[in-house]
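Working notes for the structure below.
Residue numbers (the numbering used here), protein chains in the order written: chain G, 1393 to 1513; chain P, 140 to 246.
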């Protein structure tokens, strides 16, 4: 059974850099075809896809946020890390990580439970 | 980037009703369209992938249809446990994109 758990600070200040970690169990990040994405949902708003990293270290980013995002992985720890620079109160959201088990099948399954990040001004 | 227009944004219905949500893509996305269910405090759940394929364990009252730019998600015989928000998502092109969501309430 594949499970994901997001971790990181619940509160950050504006202009700071956010670092979130997604810890995977039940599957290896080095498995061919494995992809992990970060997705967020501001309170009362829609889901927004942020970034994806693949088993072969290919990386893809949201067009509007790509200058602020960096996604990376630590295969030895089976973790994916997302950093977002220059945080703003509008970045307050629940941040989820989710798996695509093959690069061809573009659906997210499963997801983590998410971690709420609040940005204070 | 592909824009996904989902409607309605909210919906109130009674137990046993048939509920329909639509999702329109800004360009042809073939059948690369998925649907998710979100409940507060829970991990989002994949319900349907590739327009009409039910994820394992998802009740058969959920269904999807469409192709190209216009898609429909249906719940036949609404149940109380279906209270949630629902989102469509395209993966025809990166960056992936979601619809604006539909919040479903029971009357």
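In this text, a Cβ means the ideal position worked out from N, Cα and C, and glycines have one as well.
Apart from the five residues on each side of it in sequence, which residues of its chain come closer than 6 Å, Cβ to Cβ, to residue i?
i	result
residue 1494(G)	1425
residue 1393(G)	1418
residue 1507(G)	1398, 1400, 1487
residue 230(P)	171
residue 1403(G)	1510
residue 1473(G)	1413, 1464
residue 197(P)	186
Check this for me: beta carbons of residue i and residue j, under 9 Å apart or not?
i	j	result
residue 1398(G)	residue 1488(G)	yes
residue 165(P)	residue 190(P)	no
residue 224(P)	residue 178(P)	yes
residue 1492(G)	residue 1429(G)	yes
residue 1499(G)	residue 246(P)	no
residue 163(P)	residue 208(P)	yes
residue 1461(G)	residue 1438(G)	no
residue 1504(G)	residue 1410(G)	no
residue 1433(G)	residue 1485(G)	yes
residue 1469(G)	residue 1415(G)	yes
residue 154(P)	residue 219(P)	yes
residue 145(P)	residue 226(P)	yes
Please report whether the beta-carbon of residue i lies at a distance below 9 Å from any beta-carbon of chain P.
i	result
residue 1447(G)	no
residue 1487(G)	no
residue 1484(G)	no
residue 1490(G)	yes
residue 1480(G)	no
residue 1393(G)	no
Under 9 Å, Cβ to Cβ, is there at least one residue of chain G near residue i?
i	result
residue 228(P)	yes
residue 185(P)	yes
residue 164(P)	no
residue 182(P)	yes
residue 142(P)	no
residue 202(P)	no
residue 194(P)	yes
For residue i, collect the residues of the same chain with a Cβ closer than 7 Å to its Cβ; drop the 5 residues on either side in sequence, then sort them by chain order.
i	result
residue 1423(G)	1447
residue 156(P)	217
residue 1480(G)	1406, 1511
I'd like the list of long-range same chain contacts for residue i, defined as Cβ closer than 8 Å, with 5 residues on each side in sequence excluded.
i	result
residue 204(P)	190, 191, 210, 211, 213
residue 1420(G)	1426, 1467, 1470
Can you confirm whether the region 148 to 162 of chain P touches the region 231 to 241 of chain P when touching is taken to mean that 3 or more C-beta pairs between the two stretches lie within less than 8 Å? The answer is yes - the region 148 to 162 of chain P touches the region 231 to 241 of chain P, with three or more Cβ pairs under 8 Å.
When Cβ atoms are compared, which residues of the region 1408 to 1439 of chain G fall closer than 7 Å to chain P? Correct list: 1438, 1439.
Closer than 8 Å, Cβ to any Cβ of chain P: which residues of the region 1449 to 1471 of chain G, in chain order? So the list reads 1452, 1453, 1454, 1455, given in the order they occur along the chain.
Of all the residues that make up the region 150 to 174 of chain P, which are near chain G by a beta-carbon distance shorter than 7 Å? Under the 7 Å Cβ criterion, the region 150 to 174 of chain P contributes 171, 173.
Residues in the region 203 to 219 of chain P with C-beta within 7 Å of chain G's C-beta atoms, listed in sequence order? Answer set for the region 203 to 219 of chain P: empty.
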